[in-house]
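Worksheet for the structure shown next.
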Amino acid sequence: MREFLKHPAMRWIMIVGAIVLVVVVYAFGFSVTDVSFETVRDEQRLTQLTRILRALAHPDIFEYDKVEQNIDVAFHLPCPEGGAAAVSVDARGAYIIVSPACAGPEDIVTIEGFGFTPETGGPVNFLTQSGATLQLGNFTSDEQGSFSITAKLPNRQPIEEAQTIRATGRQNVGAPRFSPTAKLVFEKIVETVFLALLATTFGAVLAVPLSFLAAQNIMSEIKSPLTSISLTLLGWPLGIFLGATVAAQIGSFAESIFSDTAFVINGVALWSLAIGLATVTTIPRETEQVSGVSSRLVRGVGTVLIGIVGIVVLYLVAYGMLLLGDAIADPLGPLGFLGNFVYQLGDSLRMLTPVFAALIAGGALGSFGGRLGQRASDQLEYRTVKLINLVVAALAGAALFALVGAVVDWFYQILDIMRTFVIPAALGAIGGALLTLRVDPRQPLPIGYWIYFVIRTILNGIRSVEPLIMVIVFVVWVGIGPFAGALALALHTVAALGKLFSEQVESISPGPLEAVQATGANQVQTIRYAVIPQVVPPYISFLMYRWDINVRMSTIIGFAGGGGIGFLLQQNIRLLDYRAAAAAMLAIAIVVASMDYISSAIRQRFV
Amino acid sequence: MLEVKNLTKIYPGDVLALDDVSFSVEPGEFLAVIGLSGSGKSTLLRCINRLVEPTDGEITWNGVDITQASQDELLRIRRKIGMVFQHFNLVTRSKVITNVLSGRLGYVNAMLSLINRFPKKDMQMAIAQLERVGITDQAQKRADELSGGQQQRVGIARAMMQEPEMILADEPVASLDPVLAHSIMQHLEDINRNDGVMVLCSLHFIDLVHRYADRAIALNDGKLMFDGPPQAIDDARFKEIYGKEAERVG
Chain A
21 MREFLKHPAM RWIMIVGAIV LVVVVYAFGF SVTDVSFETV RDEQRLTQLT
71 RILRALAHPD IFEYDKVEQN IDVAFHLPCP EGGAAAVSVD ARGAYIIVSP
121 ACAGPEDIVT IEGFGFTPET GGPVNFLTQS GATLQLGNFT SDEQGSFSIT
171 AKLPNRQPIE EAQTIRATGR QNVGAPRFSP TAKLVFEKIV ETVFLALLAT
221 TFGAVLAVPL SFLAAQNIMS EIKSPLTSIS LTLLGWPLGI FLGATVAAQI
271 GSFAESIFSD TAFVINGVAL WSLAIGLATV TTIPRETEQV SGVSSRLVRG
321 VGTVLIGIVG IVVLYLVAYG MLLLGDAIAD PLGPLGFLGN FVYQLGDSLR
371 MLTPVFAALI AGGALGSFGG RLGQRASDQL EYRTVKLINL VVAALAGAAL
421 FALVGAVVDW FYQILDIMRT FVIPAALGAI GGALLTLRVD PRQPLPIGYW
471 IYFVIRTILN GIRSVEPLIM VIVFVVWVGI GPFAGALALA LHTVAALGKL
521 FSEQVESISP GPLEAVQATG ANQVQTIRYA VIPQVVPPYI SFLMYRWDIN
571 VRMSTIIGFA GGGGIGFLLQ QNIRLLDYRA AAAAMLAIAI VVASMDYISS
621 AIRQRFV
Chain B
90 MLEVKNLTKI YPGDVLALDD VSFSVEPGEF LAVIGLSGSG KSTLLRCINR
140 LVEPTDGEIT WNGVDITQAS QDELLRIRRK IGMVFQHFNL VTRSKVITNV
190 LSGRLGYVNA MLSLINRFPK KDMQMAIAQL ERVGITDQAQ KRADELSGGQ
240 QQRVGIARAM MQEPEMILAD EPVASLDPVL AHSIMQHLED INRNDGVMVL
290 CSLHFIDLVH RYADRAIALN DGKLMFDGPP QAIDDARFKE IYGKEAERVG
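Protein sequence lines correspond, in order, to chains A and B.
The numbering used here applies: residue 21 is where the first sequence begins, and numbers increase by one.
The numbering used here applies: residue 90 is where the second sequence begins, and numbers increase by one.
In structure tokens, the structure reads:
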């Protein structure tokens, strides 16, 4: 077969076949993309093209005060019986002459003007008896102040009385000033830059922790025996539930009592002091060799108490900021946006406190479960571990699948407890049990690699959806405007930066990592001391690059309702106001180019 | 007392790096590990603190089998084993003092260490260790501003911060010139003689082995070829360890 393929004739056939294939592919491409060079040459389209290009070349940025010079001439439409009376012309000032001096509807006439201010221009209008203004054309006077245009008369009902043809010469006077369009463009481009800044910042804050979870070299190190994984899996949802519930309880309590300003201020001060003291006294400076059960218990209870007090303090701070923001917004006058900023921060803190509490409690219970499992599989008998695994792995599997079932149910509203809860849970339990039977209970499973895989998949999924599409969802959620755009860009930034960051983590030099591990540092310490110092410069570099991208993206995110300059651009294009659109495009070009310059300058400093 | 019994390491892809290696090291001993590049020296050293997970065998140290230690126990074992590397493995963008302090990570509170807070006595200890290797004035510099010899001193100071009972030195002088090599080896010797720390040091140059080591073991292709005093490495032994084509240098 291979010999046959190597035959010269065969090769020729394959080459010809390949060429034919390429031709067919491009022919199909021409057909589906409606390639037509006839339209390119079409004269009417060329005129339109010229008009648009000229409009785009005159961005609506400056405007002048104008003086107008209206010059009228009486005109009969149609000609009265006996011909038109001679029109007397005052040749001392500007005047216009229409020839012929009268004509029928839709006739072509020549309009000449003399004595106008040189190099001015404006419309030539036909003023009807009823007061309507119909534009006949535009004129521009030459150096002598004369012009000559031809125009087609409108199709009007015949009227005996003379009507008027008026040439309006307009002239710029005084210094140029920014047009209203330019002011609006400026306002919107500022909005755009800050939209991009916020999206980048929020995105990066989330992308940094995710990037470590999506880095193969770090995650593949993390292995745990099945008991540990199962207990972690059970600990997380339980912790999230407990944390969220407790925080919600405290939150509703807080709402009722934290309306008193002085109370809140005193509370913040007192409680932070208390927490600080408690933390300093309870947390040991050095990890001792082995600690007894009772001291562990004391520390555990202490940690829970600190957690609860921490939630109270977070709420106190949140309400403090709400009160402060509200109080300073008005007195600050033009800086009132600072008050709003404080208020919004407080509000987001109030909103996020239960989330933090849930995540921290979830993490705490999860890692507690993990340690417990590790201990169990290290110290207990082989058979006992296997038996424990059978139970906890089945439970964990059931919990995981029930969770997936709940998500599916939320989206598709199946509303059938059998199909969304019982069957998935049963399947999960069976899966967990089967896994127990398959693996050695002491063998560490590559849980880190699984997490890495899941996070990577999610990041890739999010990344493949353009922010322009994401914004549609956010517009429904928070309404048309820059906030929706910022959220969409932030989400996309999380995915994009998460991937870029994780690749940086993967490409760090392994030497320091090894050295820090050799000192007996744990995973988190290793990341802090060996990984983070190595990735800070590339992180900053990519962050700037992403800001640059986000500025570019935010210029068009307005097309889908995301606010910023895109919104204005789209509006002007729809209104066929190409000069205003050109102003917006110019602003985008300036901002993007300068962002490019600034970001590369900052990047160079850090690399 | 460190006892390595039947240690075997097979890397993925059926690469046999260590083949049934057994030996023991007395407390306070300076053991040289010699052999060609790729003979398994690095793997052997890394198996001892389980930076590389052994496939089979036992490593007993002070009565504890390191290979069976749980994750928590392992961290406590590792903090008593200092390690010095051929390429220094400093975090080059961090300060020298931070690199040295990172030797305490196994001891200090994890939460506080994350915000770069170390107890005062650790700070004093770090300065003292830098003084011992003679580079106190470099403490606030970034590690990559230092020369190779200075970087290796930082590496030794970092290892000494662990208050180690054993130091694993993986070709500590292979990237240094001969003069610097001796000065680094003298630091290790000082630690070995005066602090009574057991040192396992892989070396390339036989004269360094003769000069510093109490005892030497030799690996060839993952197998233990020699275990005895450095003086016993005669020409015949040498050819056995390094292959027939090898010539002695230095």
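Where is the CB? At the ideal position from N, CA and C, for every residue including glycine.
Are residue i and residue j close, meaning C-beta to C-beta below 8 Å?
| i | j | result |
| --- | --- | --- |
| D310 of chain B | S131 of chain B | no |
| I91 of chain A | A187 of chain A | yes |
| G639 of chain A | I576 of chain A | Residue 639 of chain A lies beyond the residue range present for chain A, which begins at 21 and ends at 627; the question has no answer from this structure. |
| G505 of chain A | S574 of chain A | yes |
| A604 of chain A | I585 of chain A | yes |
| Q394 of chain A | S244 of chain A | yes |
| L372 of chain A | M341 of chain A | no |
| G452 of chain A | A413 of chain A | yes |
| L297 of chain B | I306 of chain B | no |
| M90 of chain B | S113 of chain B | yes |
| L563 of chain A | A289 of chain A | no |
| A510 of chain A | I482 of chain A | no |
| P444 of chain A | V459 of chain A | no |
For residue i and residue j, I'd like the C-alpha separation in whole angstroms.
| i | j | result |
| --- | --- | --- |
| A419 of chain A | I471 of chain A | 17 Å |
| L336 of chain A | L297 of chain A | 18 Å |
| R168 of chain B | Q399 of chain A | 22 Å |
| V474 of chain A | S56 of chain A | 47 Å |
| V35 of chain B | L96 of chain B | The question about residue 35 of chain B has no answer, for chain B in this structure spans 90 to 339. |
| I295 of chain A | W256 of chain A | 25 Å |
| F177 of chain B | G244 of chain B | 6 Å |
| V571 of chain A | V555 of chain A | 24 Å |
| I185 of chain A | I593 of chain A | 33 Å |
| Y598 of chain A | Y617 of chain A | 28 Å |
| P464 of chain A | E241 of chain A | 11 Å |
| Y46 of chain A | V40 of chain A | 10 Å |
| D127 of chain A | K172 of chain A | 6 Å |
| Q309 of chain A | G389 of chain A | Reliability fails at Q309 of chain A, whose pLDDT of 48 lies under 50, so the model's placement of it is uncertain and no value is given. |
| V321 of chain A | G327 of chain A | 10 Å |
| L134 of chain B | L507 of chain A | 51 Å |
| G37 of chain A | R31 of chain A | 10 Å |
| Q624 of chain A | I277 of chain A | 52 Å |
| T265 of chain A | M214 of chain B | 47 Å |
| K230 of chain B | N138 of chain B | 30 Å |
| L269 of chain B | F376 of chain A | 53 Å |
| L254 of chain A | A416 of chain A | 6 Å |
Using only alpha-carbon positions, find the residue among the options that is nearest to residue i.
| i | options | result |
| --- | --- | --- |
| K208 of chain A | A:G501, A:S272, A:A338 | A:G501 |
| T221 of chain A | A:V44, A:L262, A:Y559 | A:Y559 |
| T137 of chain A | A:P143, A:T160, A:A378 | A:T160 |
| A321 of chain B | B:A335, B:K312, B:A302, B:G332 | B:A302 |
| E180 of chain A | A:L246, A:S250, A:P98 | A:P98 |
| F82 of chain A | A:A384, A:G151, A:G157, A:G194 | A:G194 |
| H96 of chain A | A:Q183, A:L344, A:L262 | A:Q183 |
| V93 of chain A | A:G37, A:F48, A:V144, A:M239 | A:V144 |
| L16 of chain A | A:L457, A:I249, A:I116 | Because residue 16 of chain A is not part of the residues shown, which for chain A are 21 to 627, the question remains open. |
| V173 of chain B | B:L201, B:I256, B:G117, B:K312 | B:I256 |
| D85 of chain A | A:R190, A:G124, A:Q64, A:Q155 | A:R190 |
| V109 of chain A | A:F134, A:E88, A:G102 | A:F134 |
| C20 of chain A | A:G141, A:S614, A:E101, A:S231 | Nothing can be reported for residue 20 of chain A, as the shown portion of chain A is limited to 21 through 627. |
Report the CB separation of residue i from residue j in whole angstroms; it is logged as a contact under 8 Å.
| i | j | result |
| --- | --- | --- |
| A228 of chain B | I216 of chain B | 7 Å |
| A248 of chain B | G171 of chain B | 3 Å |
| R304 of chain B | F315 of chain B | So it is not a contact: roughly 10 Å between Cβ atoms. |
| S168 of chain A | T130 of chain A | 6 Å |
| V405 of chain A | P461 of chain A | 4 Å |
Taking 7 Å as the line, does the beta carbon of residue i fall inside it for any heavy atom of the ligand ATP?
| i | result |
| --- | --- |
| G359 of chain A | Absence of the ligand ATP is noted for the structure shown, with no ligands found whatsoever. |
Quiz item: Which runs of the alpha helix (DSSP H), 4 residues or longer, sit entirely within the segment 353 to 414 of chain A?
Solution: If you keep only unbroken alpha helix (DSSP H) runs of at least 4 residues inside the segment 353 to 414 of chain A, you get 356 to 399.
Task: Segments of 4+ residues assigned as alpha helix (DSSP H) that fall wholly inside the segment 182 to 227 of chain A - done: For the segment 182 to 227 of chain A, not one full-length alpha helix (DSSP H) segment reaches 4 residues or more.
Secondary structure, alpha helix (DSSP H): runs of 4+ residues fully inside the segment 214 to 294 of chain B:
Qualifying alpha helix (DSSP H) stretches, in chain order: 237 to 250, 267 to 283.
**Prompt:** What are the complete beta strand (DSSP E) segments, minimum 3 residues, inside the segment 140 to 175 of chain B?
**Reply:** Those beta strand (DSSP E) runs which fall completely within the segment 140 to 175 of chain B and span 3+ residues are 145 to 150, 170 to 173.
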